[in-house]
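Asker: Could you have a look at this structure, given as structure tokens, before my questions?
In the UniProt record's numbering, the protein residues as written are 1 to 258.
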């Protein structure tokens with residue numbers, strides 16, 4: 001899907017005393033029914049996703065205040081409109097597989113949505129176009145619901161250096177909150193918290209692999225150049241790579257493309 005063939009909260013700077021700790025990988029199984037796992041997905045040739053998104057958004061709004069992994073939720077009407085536009089031309093429009101629910105790191109352009117890079121300097125900036133990877137995912141008939149928190153401009157490894165505040169790992173210990181890793185910590189926690197099936201992140205020196213290991217989700221950093229960087233805010237052009245954080249290897253494969 002993504003592989004290149006032929007090749008509205010007020011921003012408040014916040015310091016954090018979160019513990020930095022590597023954790024054992026866990027498996028996200030259907031035995032713990034919560035979030036997207038607990039909401040019946042509509043099926044059929046003429047289904048409406050409005051009720052589904054209403055229930056999912058209600059769950060996200062309850063949980064996200066604590067986790068702070070999503071910094072922007074798209075309007076349901078916009079999500080459904082984009083889905084319909086994409087599914088018209090999608091080869092997967094036979095409901096063999098339901099669409100994936102996806103989030104996108106807030107340094108990757110989603111047209112009409114904020115692209116703040118978790119920085120006050122881009123507080124009011126909205127992306128005028130889609131990143132190529134976002135276009136491909138929407139064209140394949142998937143639901144992109146929001147943007148995720150990150151270290152400002154991707155410069156960090158804990159997702160604590162954000163104008164939106166720190167993202168909190170879904171793991172808990174008796175010693176307190178744990179870091180989600182970074183800089184794609186918001187994308188990792190959104191998957192672990194069951195807000196979505198997968199998220200897009202970016203990796204320059206470990207920014208997908210690190211939060212994936214800390215949050216117990218699957219992280220996939222493709223080889224440099226396998227996914228287009230068009231629409232990704234640059235950190236280091238010769239190293240930046242768009243990648244995937246997901247609930248399973250099979251979902252990561254589906255996002256990336258066979």
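Backbone N, C-alpha and C fix where the C-beta goes; we use that ideal spot for every residue, glycine too.
Just checking my contact of residue 147 with residue 106 at CB under 8 Å: how many whole Å lie between their CB atoms?
Answerer: 4 Å
Asker: To which residues of the same chain is residue 183 closer than 6 Å at the C-beta, ignoring the five residues directly before and after it?
Answerer: 150, 151, 154, 156, 207
Asker: For the putative contact between residue 47 and residue 143, defined by C-beta atoms under 8 Å, what is the C-beta separation to the nearest angstrom?
Answerer: Not quite, the Cβ-Cβ distance comes to about 12 Å (not below 8 Å), so this is no contact.
Asker: Report the start-end ranges of each alpha helix (DSSP H) in the region 81-163 that is 4 residues or longer and not cut off at the edges.
Answerer: 132-139
Asker: Would you list the residues sitting across from residue 244 in a DSSP beta bridge?
Answerer: 200, 220
Asker: Mapping the DSSP letters down to three states, classify residue 58 as helix, strand or coil.
Answerer: helix
Asker: Please name the residue, chosen from 248, 212, 256, 202, that lies closest to residue 240 on a Cα-to-Cα basis.
Answerer: 202
Asker: Counting C-beta neighbours from all protein chains within 10 Å, is the total for residue 219 16 or more, i.e. buried, or is it exposed?
Answerer: buried
Asker: Rounded to whole angstroms, what is the Cα-Cα separation between residue 257 and residue 2?
Answerer: 6 Å
Asker: Could you check whether residue 211 and residue 181 sit closer than 8 Å to each other, using their CB atoms as the reference points?
Answerer: In this structure, residue 211 lies closer than 8 Å to residue 181 by Cβ.
Asker: Use the C-beta contact count for residue 118: other C-beta atoms within 10 angstroms, 16 or more gives buried, fewer gives exposed.
Answerer: buried
Asker: Specify, as a first and last residue, the run of the beta strand (DSSP E) that residue 254 falls within.
Answerer: No beta strand (DSSP E) holds residue 254; the alpha helix (DSSP H) holding it covers 249-256.
Asker: Between the C-alpha atoms of residue 167 and residue 113, what's the straight-line distance to the nearest angstrom?
Answerer: 20 Å
Asker: I'd like the list of long-range same chain contacts for residue 249, defined as Cβ closer than 7 Å, with 5 residues on each side in sequence excluded.
Answerer: 218
Asker: Count the other C-beta atoms from every protein chain shown that fall within 10 angstroms of the C-beta of residue 65, then say buried if there are 16 or more, exposed otherwise.
Answerer: Residue environment for residue 65: exposed (fewer than 16 other C-beta atoms within 10 angstroms of its C-beta).
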